[in-house]
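Read the structure below first, then the notes.
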Amino acid sequence: MSAILPSRTLWSERRQPTWALSSLRGTPLLVAVVALLALVLAAHLVWPQSVPLVALVPPCLLASTLCPIREVRIVFGLVLAVVLWSLVMSDEGMARHLPLLVSLGLMYAIAASRSSHGAAAFAGDRMLGDLRSRLHGMGAIPTLPRGWHAERSFATAHGSAFAGDFNVSTTSRCGNTLEMVLVDVSGKGQEAGTRALVLAGALGGVIGGTAPQDVLPMANEFVERDGWDEGFATAVHVHLDLVTGEALVHSAGHPPAMHYDAGCGRWRALDDQRGPALGLLPGASYPSSRTVLQRGDALLVYTDGIIESRVRDLDDGIDWMLGQAEARVSQGFSGLAKRLVAGGRAGVEDDRAAVLLWRD
Numbered sequence: 001m002s003a004i005l006p007s008r009t010l011w012s013e014r015r016q017p018t019w020a021l022s023s024l025r026g027t028p029l030l031v032a033v034v035a036l037l038a039l040v041l042a043a044h045l046v047w048p049q050s051v052p053l054v055a056l057v058p059p060c061l062l063a064s065t066l067c068p069i070r071e072v073r074i075v076f077g078l079v080l081a082v083v084l085w086s087l088v089m090s091d092e093g094m095a096r097h098l099p100l101l102v103s104l105g106l107m108y109a110i111a112a113s114r115s116s117h118g119a120a121a122f123a124g125d126r127m128l129g130d131l132r133s134r135l136h137g138m139g140a141i142p143t144l145p146r147g148w149h150a151e152r153s154f155a156t157a158h159g160s161a162f163a164g165d166f167n168v169s170t171t172s173r174c175g176n177t178l179e180m181v182l183v184d185v186s187g188k189g190q191e192a193g194t195r196a197l198v199l200a201g202a203l204g205g206v207i208g209g210t211a212p213q214d215v216l217p218m219a220n221e222f223v224e225r226d227g228w229d230e231g232f233a234t235a236v237h238v239h240l241d242l243v244t245g246e247a248l249v250h251s252a253g254h255p256p257a258m259h260y261d262a263g264c265g266r267w268r269a270l271d272d273q274r275g276p277a278l279g280l281l282p283g284a285s286y287p288s289s290r291t292v293l294q295r296g297d298a299l300l301v302y303t304d305g306i307i308e309s310r311v312r313d314l315d316d317g318i319d320w321m322l323g324q325a326e327a328r329v330s331q332g333f334s335g336l337a338k339r340l341v342a343g344g345r346a347g348v349e350d351d352r353a354a355v356l357l358w359r360d
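Note that the UniProt record's numbering gives residue 100 to position 100 of the sequence shown, counting from 1, and the numbers run on in steps of one.
If you want it as structure tokens, here you go:
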């Protein structure tokens, strides 16, 4: 299981800068690249030893990065014509031009691949960056009433840009309730990122607009209907009344939420009511666990990357997590989520996520 997306290891809250190249696209850019090719070729004719034909690589790289695939073919065709002309007009063998031809092949393969996915050049990079930022932004916890606090932290497996862990949050219009879903899509890294994006969009349209007990059943129906060939998702849904402190927790095969009770000074697991993971059982029900957050209490939800590893059992991971949480009680809960994610038992082998809510 995947246990989320950060700066590569920790998500950044900042959006990716948008750098527009629209003024250079099309014919002007193609003309500029061809002119640069002509300049390099002229220099090669005048100083053949100082300016070899491999100096055509930078203009080709510029074309493969910024130009549409059709214009890339034009530029590369011109370069191949120059190489063929050089072979005919000189006694040099193919070996001298091999580095140039290999570079052309690699650059064309990358340009063609990106073009086939509709993610050509920097526009594709901006699109992926925007999707990543939007996925993270959907989980941003709104400003809470005085006395309530929240923090979240995510880390991806091997620093991947996308992952299967995400959260979606919203508050009611009057600001009296907070709803939050933390999801862990099976898999890790980019292989789970696409499914996470789709499921996040579906949950974003459901959370806050339907009864709390219907959120996970609707998500389960969506995953089943979406027909994932391989994979499922675990999720925990929290509905918190910010006036009374009453919390309803629904779990879909997710590790149990942890409630810190300031009255007795202990953490306890809310694991008495759990349903199956999303996408496994049609028509599954997801009963709720109920608790109340009094002043000084906290509620912690997390993904399995925090507590699971290949070399240690689950109980050991939970003991480690609760030990870290206990150590933060006297210092305040701020920073606990980041600490858990940074030291998660899965390490870089899995995504890790933690969301913490607490009340003064």
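All C-beta atoms, glycine included, are put in the ideal place defined by N, C-alpha and C.
Under a 10 Å Cβ-count criterion, ASN220 is classified as buried, with 16 or more other Cβ atoms of the shown protein chains found around its own Cβ.
Around the beta-carbon of SER116, fewer than 16 other beta-carbon atoms lie within 10 Å, marking it exposed. Straight across, the Cα-Cα distance linking ARG73 with GLY193 is about 32 Å.
Excluding residues up to 5 positions away in sequence, VAL40 lie with their Cβ nearer than 6 Å to the Cβ of ALA55 in the same chain. For the pair ALA257 and PRO276, the CB atoms are not nearer than the 8 Å cut-off.
Put simply, of THR234, LEU37, ARG328 and LEU36 the residue whose alpha carbon is nearest the alpha carbon of ASP304 is THR234. Between the alpha carbons of ASP241 and GLY208 lies a gap of roughly 13 Å.
Per the coordinates, the alpha-carbon of LEU281 lies some 33 Å from the alpha-carbon of ASP130. By the Cβ-count criterion, ALA95 is exposed, with fewer than 16 other Cβ atoms from all chains shown falling within 10 Å of its own Cβ. Taking the Cα positions, ALA262 is about 58 Å away from ALA111.
Under the DSSP assignment, SER251 falls in the beta strand (DSSP E) whose first and last residues are 246-252. DSSP lists THR177 as the beta-bridge partner residues of ASP241.
In the structure shown, THR234 falls within a strand segment according to DSSP collapsed to helix, strand and coil.
A contact is defined here as three or more CB-CB pairs under 8 Å, and the stretch 145-152 meets this definition with respect to the stretch 332-352.
According to DSSP, PHE154 shares a beta bridge with ALA353. Between SER288 and ARG310, the alpha-carbon positions lie close to 31 Å from each other.
Between the C-alpha atoms of MET321 and GLU308 there is a straight-line separation of about 11 Å. By DSSP's assignment, LEU299 forms a beta bridge with HIS259 and LEU357. Rounded to the nearest whole angstrom, the CA to CA distance from THR171 to PHE162 is 26 Å. Looking from the CA of LEU106, the closest CA among VAL57, ARG132 and GLY317 belongs to VAL57. Apart from the 5 residues on each side of it in sequence, VAL348 sits with its Cβ closer than 7 Å to the Cβ of ALA157 and HIS158 in its chain, given in chain order. Here DSSP, grouped into helix, strand and coil, assigns ARG312 to coil.
For PHE166, the enclosing beta strand (DSSP E) starts and ends at 165-171. CA-to-CA, the gap between LEU100 and ARG134 works out to about 40 Å.
Cβ atoms of VAL185 and GLY231 come within 8 Å of each other, at about 7 Å. The criterion of a C-beta distance shorter than 8 Å is satisfied by GLY296 and ARG359.
Per DSSP, reduced to three states, the secondary structure at ARG345 is coil, with no helix or strand assignment. Within the same chain, ASN220, GLY275 and PRO276 come within 6 Å of ALA284 by CB-CB distance, once the 5 residues on both sides are set aside.
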